[in-house]
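Contents: one structure, followed by commentary.
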Amino acid sequence: MQNSFFFTNFAPKFSIAMADLTNQQKRDWAKTLYLKENLTQQEIADRVGVSRVSVSNWIRQNKWEEQRTALTLTREEQVRSLYRQVGEINKTIEARPEGERFANSAEADIIGKLSKAIKQMETEVGIAEVVSVLTKFIEFLRPQDHQKAKEVVSWADAFIKSIL
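In the working numbering, each number is its position in the sequence shown, counted from 1, plus 16.
Structure (C-alpha cells):
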C-alpha cells in the first residue's frame, strides 16, 4: 500500500515540529497513525519521535487494536445505527394506547443521548478527517507544483499541531 501521508517526503520538517509536542499530543498523533494508516509500530515511532516500545505500550494499554477494529464501521453506518435505535424507541412509544404515547424518563434520556451522539457524529470533524483531507489535497497539488506542495505541508503540519 502506498503511504499517503502528506509529510512522508518532508520528514525533517515534521520531526522538528513533533519535538514541540507534549507526550499526550504525541500519543494522540500515534493513535491517529495507528488507526488510519497501514504503518508498522517502528514507522509510527519514527514519525512521532518516540521509541517503538512506547508505541507498543500505548497500543496495548489503550486498546487501540479494538478501536481499529471498531473503525471498520464507517461514520455513516454508525449514524444510521443510531437513527435506527431512535426509531425503535419511537415505535415502542407509538404502540402504546392513546394518551400514553410519550417517552418515559429512561426513554427520554436515551433519546437525548442518541440525538446528541448523532449531532456530534454528523458535525464533528476529527483529526483523522483533517489529515485525510489535507493528504488528498497535497497529493493533488504535488504533481502540479512540488514547491507549493512543500509550502502547504509546512502549513498542514502547523495546523495539525495546533489542533492536537
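Glycine residues also receive a C-beta, built at the ideal position from the N, C-alpha and C atoms. Keep in mind it's a predicted model, so treat the numbers as computed, not measured.
Nearest to residue i (by Cα), restricted to the options the options
i: E167; options: W80, L150 and E138; result: L150
i: E92; options: S121, R63, I134 and Q160; result: I134
i: V146; options: K177, Q163, E123 and K79; result: K177
i: A122; options: N106, I154 and E114; result: N106
i: S148; options: Q41, E53 and D36; result: E53
i: E138; options: Q94, I154 and N73; result: Q94
i: G142; options: R63, T48, I154 and V64; result: T48
i: Q83; options: Q40, R117, Y50 and Q163; result: Y50
i: I75; options: F118, R43 and A172; result: R43
i: G128; options: L98, A144 and F156; result: L98
i: A144; options: Q40, W45 and Q41; result: W45
i: A172; options: P159, R158 and I154; result: I154
i: N73; options: Q57, D62, R63 and T85; result: Q57
Residue i, buried or exposed, once every other Cβ within 10 Å from all chains shown has been counted against 16
i: V169; result: buried
i: T38; result: exposed
i: D161; result: exposed
i: V69; result: exposed
i: A165; result: buried
i: I60; result: buried
i: D36; result: exposed
i: K132; result: exposed
i: F22; result: Residue confidence for F22 is low, a pLDDT of 42 falling below 50, so the modelled location carries little weight; the figure read from the coordinates is stated next. That one is buried.
i: D125; result: exposed
i: R96; result: exposed
i: R117; result: exposed
i: I179; result: exposed
Where the alpha helix (DSSP H) containing residue i begins and where it ends
i: K52; result: N39 to K52
i: E92; result: R91 to E110
i: D62; result: Q57 to V64
i: S67; result: That residue, S67, is in no alpha helix (DSSP H); it is neither H nor E in DSSP.
Neighbour flag for residue i against chain B, beta carbons, 7 Å
i: R158; result: In the structure shown, chain B cannot be found, because there is only a single protein chain.
Practice task
Could you tell me whether the stretch 100-110 touches the stretch 74-84, using the rule of 3 or more Cβ pairs below 8 Å?
Solution key: no
Exercise for the section: Starting from the N-terminal side, write out each stretch of the alpha helix (DSSP H) that is 4 residues or longer and does not extend beyond the stretch 137-172. Expected result: 143-157
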